[in-house]
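Undergrad: Okay, here's the structure, questions in a sec.
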Amino acid sequence: MVPIEQVKDSYDIKPETCRKCGHALEGQDPEPYRHQITEIPPVVAEIVEYRLHGLSCPECGTETCAELPPGVPQGAFGPRMQAMVSLLSGRYRLSKRDTAEVMDDFFQAGISTGSICALEQRSSEAISGSVEEAREYVKEQPVVHMDETGWREANKKAWLWVAATSLVTVFLIRCSRGSKVDKEMLGETFGGILNSDRWSAYNWVTVSLRQLCWSHLLRDFQAFVEREGESQRIGEAILAQSDLMFEWWHRVRDGTMTRATFQAKMKPVQQKVGKLLCQGTACAHDKTAGTCRDILKREAALWTFVHVEDVEPTNNLGERQVRHGVLWRKMCFGTQSEAGSRFAERIMTVVATLKQQQRNVLDYLTEACDAANWGRPAPSLLLTAPTS
Numbered sequence: 010m011v012p013i014e015q016v017k018d019s020y021d022i023k024p025e026t027c028r029k030c031g032h033a034l035e036g037q038d039p040e041p042y043r044h045q046i047t048e049i050p051p052v053v054a055e056i057v058e059y060r061l062h063g064l065s066c067p068e069c070g071t072e073t074c075a076e077l078p079p080g081v082p083q084g085a086f087g088p089r090m091q092a093m094v095s096l097l098s099g100r101y102r103l104s105k106r107d108t109a110e111v112m113d114d115f116f117q118a119g120i121s122t123g124s125i126c127a128l129e130q131r132s133s134e135a136i137s138g139s140v141e142e143a144r145e146y147v148k149e150q151p152v153v154h155m156d157e158t159g160w161r162e163a164n165k166k167a168w169l170w171v172a173a174t175s176l177v178t179v180f181l182i183r184c185s186r187g188s189k190v191d192k193e194m195l196g197e198t199f200g201g202i203l204n205s206d207r208w209s210a211y212n213w214v215t216v217s218l219r220q221l222c223w224s225h226l227l228r229d230f231q232a233f234v235e236r237e238g239e240s241q242r243i244g245e246a247i248l249a250q251s252d253l254m255f256e257w258w259h260r261v262r263d264g265t266m267t268r269a270t271f272q273a274k275m276k277p278v279q280q281k282v283g284k285l286l287c288q289g290t291a292c293a294h295d296k297t298a299g300t301c302r303d304i305l306k307r308e309a310a311l312w313t314f315v316h317v318e319d320v321e322p323t324n325n326l327g328e329r330q331v332r333h334g335v336l337w338r339k340m341c342f343g344t345q346s347e348a349g350s351r352f353a354e355r356i357m358t359v360v361a362t363l364k365q366q367q368r369n370v371l372d373y374l375t376e377a378c379d380a381a382n383w384g385r386p387a388p389s390l391l392l393t394a395p396t397s
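The opening position of the sequence shown corresponds to residue 10 in our numbering, with each subsequent residue numbered one higher.
Below is the structure:
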């Protein structure tokens, strides 16, 4: 129910006769039952025409043509339509053909698939500056969550990378899954805490500045259990310790356990897990032994969240933010060109960041496209959500 002040039309419906005896009724119900209906009125795209006159000078005969006023798009579509097209393809993952059909069906705004591609590129250019500002912001943050997933660019293998913070999330599409990409995203002088999985591309970050994702580690330890024998015993024992760890961690987050108490209770857990991992290096199962050796190389990164505020034991934020890209890849098979990849990574950055800040994506894109028409930069992505 919306407040009565937000209702466009209202109608008071009163019974005329008693439903039992038929006697005439009159008066006013101080608290009538309210039934509200939400409807969308027909929306038709508006067309504005600018007639640029060419006039001849009576003195010298030179013909002078008028120019479009400042802020008027050079193309055939306005900033809000451009923003909607970009949002339909970049946020809702519609194909170019489906996007054209939606614009026609919903707004009677005819547009070709070629024009949709052109609008995407104009939007990509319009938001490029604010996206670059967001990327620089991420490099300075105290905690960054990173993840990567497979991608296709022009039918060639590529990867979609994500770096997420509490306020801003940025994406990159590159043809490499190596460390040069996360160095590009974090900066080679990164001094915050990196939360990630055990992928080797992240190993250049000092162990003391890392938090390994326990969601991934739990899957590794479950794999130990499924190999039976000594591997199974070690896996079950580590999982038992992790159950305690997460139980206490959830209490820290909800305020029912102090961090000091949590740190004290975690000391024996850390010792037991370390001892079990050492035992695992001598396990007869080569995969179990290899995983244990690899984890022990970065053992300190298992426990950063215990000692550092605002560090989570899992990389759920990074994995959650990259999910949109996974769906895009499955539905649209990646991107068909380098320019398409730039649009994809920029629009995903804008959408993910604005969602984090509870800002309206369509309004932002409209402002950005309009600003480009005026030759101005797009609004910043670093603004926090407005307070209620």
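Note that beta-carbon positions come from the ideal geometry of N, C-alpha and C, so glycine has one too.
Hey, quick one: how far does the alpha helix (DSSP H) through Met90 stretch, first residue to last?
TA: Segment Pro88 to Gly99, the alpha helix (DSSP H) holding Met90.
Undergrad: By DSSP's criteria, Leu181 is part of a beta bridge. Which residues make up the other side?
TA: Trp170, per the DSSP bridge assignment.
Undergrad: Taking Asp21 as the reference, give the member of Glu14, Tyr42 and Gln15 with the closest Cα.
TA: That would be Tyr42, whose Cα lies nearest to the Cα of Asp21.
Undergrad: Please work out which residues of its chain come closer than 8 Å, Cβ to Cβ, to Met275, disregarding the five sequence neighbours upstream and downstream, and give them in chain order.
TA: Hits under 8 Å: Met254, Trp257, Trp312 and Val315.
Undergrad: Pick helix, strand or coil for Arg242, following the three-state DSSP scheme.
TA: In the structure shown, Arg242 sits in a helix (DSSP, three-state: H, G or I).
Undergrad: For Ala353 and Arg236, what's the separation of their Cα atoms in angstroms?
TA: Ala353 and Arg236: Cα-Cα distance of roughly 41 Å.
Undergrad: Alpha carbons only, please: which of Arg89, Glu145 and Ile304 is nearest the one belonging to Ala135?
TA: Taking only the C-alpha atoms, the option nearest Ala135 is Arg89.
Undergrad: What separation, rounded to the nearest whole angstrom, lies between the Cα atoms of Ser95 and Ile247?
TA: Their backbone Cα atoms lie some 47 Å apart in a straight line.
Undergrad: Tell me which residues share the same chain as Val234 and place their Cβ nearer than 6 Å to its Cβ, disregarding the 5 neighbours each side in the sequence.
TA: Only Gln241, Gly244 and Glu245 meet the Cβ criterion.
Undergrad: May I have the straight-line CA-CA distance separating Glu55 from Val179, to the nearest angstrom?
TA: Each residue's Cα considered, the two are about 35 Å apart.
Undergrad: Considering only their Cβ atoms, is the gap separating Gln250 from Val320 smaller than 8 Å?
TA: Result no, Cβ atoms of Val320 and Gln250 do not sit closer than 8 Å.
Undergrad: Beta-carbon within less than 8 Å of Trp383's beta-carbon, same chain only, minus the 5 sequence neighbours each way: which residues are those?
TA: Contacts found: Pro79 and Gly80.
Undergrad: Going by DSSP, what residues sit across from Gly63 in a beta bridge?
TA: Gly63 pairs with Cys74.
Undergrad: Could you give the DSSP three-state label for Gly159: helix, strand or coil?
TA: Residue state, collapsed to three classes: strand.
Undergrad: Flag Leu128 as yes if its beta-carbon sits less than 8 Å from any beta-carbon of chain B, otherwise no.
TA: Chain labels in this structure do not include chain B; a single protein chain is all it has.
Undergrad: Looking at the strands, I want to know which residues DSSP matches up with Lys17.
TA: Beta-bridge pairing links Lys17 to no other residue.
Undergrad: Use the C-beta contact count for Ala172: other C-beta atoms within 10 angstroms, 16 or more gives buried, fewer gives exposed.
TA: It is buried - the Cβ of Ala172 has at least 16 other Cβ atoms within 10 Å.
Undergrad: Which one of Cys66, Cys69 and Gly84 has the shortest CA to CA distance from Tyr59?
TA: Among Cys66, Cys69 and Gly84, the Cα nearest to that of Tyr59 is on Gly84.
Undergrad: Which residues does DSSP list as the beta-bridge partners of Thr344?
TA: According to DSSP, Thr344 bridges with Glu162.
Undergrad: For Ser188, I'd like the list of residues in its chain whose CB is within less than 6 Å of its CB, leaving aside the five on either flank, ordered along the chain.
TA: Excluding positions up to five away in sequence, the list reads Ala210 and Trp213.
Undergrad: At a cut of 8 Å, does the region 162-176 reach the region 109-127 through at least three beta carbon pairs?
TA: They do not touch, by the three-pair rule.
Undergrad: Among the residues of its own chain, which have a CB less than 6 Å from the CB of Thr396, if the five just before and after it don't count?
TA: Confidence at Thr396 is low in this model, with a pLDDT of 43, below 50, so the placement of that residue is unreliable and no value is reported for it.
Undergrad: For Ser175, does the three-state DSSP call read helix, strand or coil?
TA: In the structure shown, Ser175 sits in coil (DSSP, three-state: anything other than H, G, I, E or B).
Undergrad: For Gln220, does the three-state DSSP call read helix, strand or coil?
TA: Strand, per DSSP.
Undergrad: Cα separation between Phe271 and Ser217?
TA: Roughly 20 Å separates the two Cα atoms.
Undergrad: Give me the Cα-Cα distance between Leu34 and Lys23, rounded to the nearest whole angstrom.
TA: Roughly 9 Å between the two C-alpha positions.
Undergrad: Where does Pro369 fall in DSSP's three states?
TA: The amino acid occupying residue 369 in the given sequence is Asn; Pro does not appear at that position. Coil, per DSSP.
Undergrad: Starting from the N-terminal side, write out each stretch of the alpha helix (DSSP H) that is 4 residues or longer and does not extend beyond the region 279-345.
TA: With a minimum length of 4 residues, the continuous alpha helix (DSSP H) runs that stay inside the region 279-345 are 295-306, 313-316 and 325-341.
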